[in-house]
Amino acid sequence: MIRLRKTAIRILLLLVAFCAAPIALAWWDAHKPEGGA
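Below is the structure:
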């Protein structure tokens, strides 16, 4: 039961990461600091 919950949380985190990655990349591209710092 605990193992199943851990797996579910891991899958959920992966889904969130997959959804957030393009948004984060687009935001970073739009708000990139000058000089590449």
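In this note's numbering, the protein residues as written are 3 to 39.
Quick reminder that beta carbons are idealized off the backbone N, C-alpha and C, glycines included.
Note that this is a predicted model, so its numbers are computed, not measured.
The alpha helix (DSSP H) spanning residue i covers which residue range?
| i | result |
| --- | --- |
| Lys8 | Ile4 to Ala32 |
Pull up the distance between the alpha-carbon of residue i and that of residue j, whole angstroms please.
| i | j | result |
| --- | --- | --- |
| Pro35 | Lys8 | 38 Å |
| Ile25 | Leu6 | 29 Å |
| Val18 | Met3 | 23 Å |
| Ala10 | Leu16 | 10 Å |
| Leu27 | Cys21 | 11 Å |
| Leu14 | Ala32 | 27 Å |
| Arg12 | Trp30 | 25 Å |
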